[in-house]
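J.: Before anything else, here's the structure in question.
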Amino acid sequence: MKTINELGIKQSKTIYWASGIVSICGIIFEVLFGAAGSYILGDGVKQYTLTISLFLTGMGIGASISERVTRNLIPSFIWIEYAIGVIGGFSTFLFFGVTAFLPAGTDAIFLYTITLIVGGLTGLELPILIRKANDIGVTLRKSTARVLFSDYAGGLIGGLLFVFFLRPEFGLVKSAFLVGLINVAVALWVLFYFRKEIKRFRLHLAAGIGFFLVLFSGIFWGEEMAFSFEQKLYRDPIIYHEQTDYQQIILTKERGDVRLFLDGQLQMSSTDEYRYHETLVHPAIEAADTPENVLVLGGGDGLVLRELWKYDEVQSVDLVDLDPAVVDLAETNYDLLQLNEDSFEDPRVTVHHEDAFSYMEQTEEFYDVIIVDLPDPNNESLNKLYTIQFYQLLRNSLVPGGAMMIQATSPTFATEVYWTIDHTVRETGLHVENLHVDVPSFGDWGFIYAEREESGALDEMEFNVETRFLNADTLQSLRTFGKDIDRDITDDKGNPFEYQPNTLIDPILLEMYDKAWINY
């Protein structure tokens, strides 16, 4: 009897450890699916909400199905872990493949289906482990409490591991293979401890070893193949690829055309970026009374700085860009250095790697010129940089006689979005002018010029520095909007569109932006 008790204790401890480890794997898969959906499909809140909801729904379905598993509990658990390991391990690898080769919309269906399946299998695990612990001799009350404790504690560890270790160190594809490998390893471990009561032990063992080897090899070749899938998403060959703590950086090049993408969104093309950056920088500099102290929000590629250094009057520039990897790339990559003319070497610039909103809340500096070169508001983190609260912070840091220019997405492709940004800036009391320019790689692109005191500086502006695109006549043409994209647009019923400011509490731009760009 003593030997049996000792064996039971060892087996029950194995069950508790197994439940904790598979719970770590489960929560990692849950957030990994959300991260993959955010990257490929956009709208992080939407993707995380859907994947977490589907995962939990799957767990509920799995828990219900587990009632039918009354015999062969350990073999059932082992094969559930094998299934989670293989399906979850290949999930992001296949997701990139589906995105690259199958019609639009298939990727979302695939992701949500995989999420539901892995959630369902995860929901099968715990009831089986609880039932097995009870069979060993642990009371139902204790077995349930201990397994659930291991599950919840494992969930916390899994979330922390994904955020601070797996995603930044291994990326989405390798992380999935690695976590799947752990699921299979747990199954083999449990198989070993319960080997004396399992029939056809060698068959279970051989299958597990086979799955383990496949997933192990996937860690080494999976990312390379997924990279080839991802290449299909871009027109030109990828020459640089990095997943940072904040975003994915992609640099492509074909026949001299260098393009920078952040999280799949085009940021610039070397063939026509000068049209964008000259419009973004020069009107604000020329309009300011004394353009000595300049703030640049974004602009980590150094192209805004290149235009600023054309002015001897500029004495200091604070450049705020969240991701150090973007600036590092701009300072070291040959192609970007040719474009930005080694602009970060100028001692007048001070780089701050922090969130633009936080910087504006904390800074006590006042600026003659503010250049806002931030990505479009396609997720929650960026949306806050298009709110009335953020623009109030900018207004408060802009000196009287100063000028500000804000990139504000396309008035052609996202008309309501552009004019909502315009309306939000106006709500702060700033005086606003509207411009748009044709940038062939982007299409028609919009800017918002703002100042604290109405000066009419744009009316007869001349440019005294070298430009490739912008001159006095061109500037005036940029201020004219066609009837189909002007402020006086109508809704679906023919009524005048009623603009509301975008706020932190009511982020109306998010849904508006997704709706506007869905067909582009």
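Just so we're aligned, residue -13 is where the sequence shown starts under my numbering, counting upward by one. Don't be surprised by glycine CBs; every beta carbon is placed ideally from N, CA and C.
1. Within 10 Å of its beta-carbon, does I504 have 16 or more other beta-carbons around it, so buried, or fewer, so exposed?
2. Given a cut-off of 8 Å on the beta-carbon distance, is the pair G109 and G44 in contact?
3. Thinking just about the alpha-carbon of each residue, which of F467, D298 and S396 is nearest to the one in T276?
4. Is the distance from the Cβ of A502 to the Cβ of A394 below 8 Å?
5. Work out the CA separation of H422 and D459 for me, nearest whole Å.
6. May I ask you to list the residues that DSSP assigns as paired with E228?
7. Give the single residue among F156, Q233, D222 and S255 whose Cα lies nearest to the Cα of G208.
8. Of all the options L294, K32 and L177, which has the alpha carbon lying nearest to the alpha carbon of L59?
9. Determine the DSSP secondary structure at S161, reduced to helix, strand or coil.
10. Rounded to whole angstroms, what's the CA-CA distance from L147 to R153? Just pull it up for me.
11. Measuring only the C-alpha atoms, how far is Q375 from I114?
12. From E448 to A274, what distance separates their C-alpha atoms?
13. For the structure I just gave you, are there three or more beta carbon pairs, one from the stretch 325 to 334 and one from the stretch 277 to 289, closer than 8 Å?
14. Can you tell me whether L88 is buried or exposed? The criterion is at least 16 other CB atoms within 10 Å of its CB, across all chains shown.
15. My output table needs one value for Q348: the three-state DSSP class, helix, strand or coil.
16. With DSSP as the reference, label R245 as helix, strand or coil.
17. Leaving out five residues on either side along the sequence, give the residues of the same chain with a beta carbon under 6 Å from the beta carbon of Y226.
18. Is it right to say M(-13) is buried, meaning 16 or more other beta carbons lie within 10 angstroms of its own, or is it exposed?
19. So L42 packs on G105, CB below 8 Å; how close in whole Å?
20. If you run the structure through DSSP and keep just helix, strand and coil, what is P223?
21. Tell me the DSSP secondary structure of H409 in three-state form.
22. Below 8 Å on the Cβ atoms is my guess for V403 versus R412; work out the distance and round it to an integer in Å.
23. Could you pull the start and end residues of the beta strand (DSSP E) that H263 belongs to?
24. Would you mind listing the alpha helix (DSSP H) stretches within the stretch 414 to 464 that are 4+ residues and don't spill past its ends, in chain order?
25. Going by beta carbon distance, what residues of the same chain come within less than 8 Å of V267, once the five residues before and after it are set aside?
T.: With the structure as the only source:
1. exposed
2. yes
3. D298
4. no
5. 14 Å
6. E228 pairs with I235.
7. F156
8. L177
9. helix
10. 8 Å
11. Taking the straight line joining both Cα atoms gives about 51 Å.
12. If you take the alpha carbons of E448 and A274, they lie about 13 Å apart.
13. Yes, since at least three Cβ pairs between the stretch 325 to 334 and the stretch 277 to 289 fall closer than 8 Å, the two stretches touch.
14. For L88, the number of other beta carbons within 10 angstroms of its own is below 16, and it is reported as exposed.
15. helix
16. Reduced to three states, the DSSP call for R245 is strand.
17. L237
18. With a pLDDT of 37 at M(-13), under the threshold of 50, the predicted position of this residue should be treated as unreliable, and no value is reported.
19. Rounded, the Cβ-Cβ distance is 7 Å, consistent with contact.
20. coil
21. helix
22. Going by Cβ atoms, the distance from V403 to R412 rounds to 15 Å, so no, they are not a contact pair.
23. From DSSP, H263 is part of no beta strand (DSSP E) but of the alpha helix (DSSP H) over E259 to A273.
24. Annotation note: the stretch 414 to 464 contains the following uninterrupted alpha helix (DSSP H) runs of length 4 or greater, listed N- to C-terminal: 458 to 464.
25. V290, E293, L294, I357 and M391
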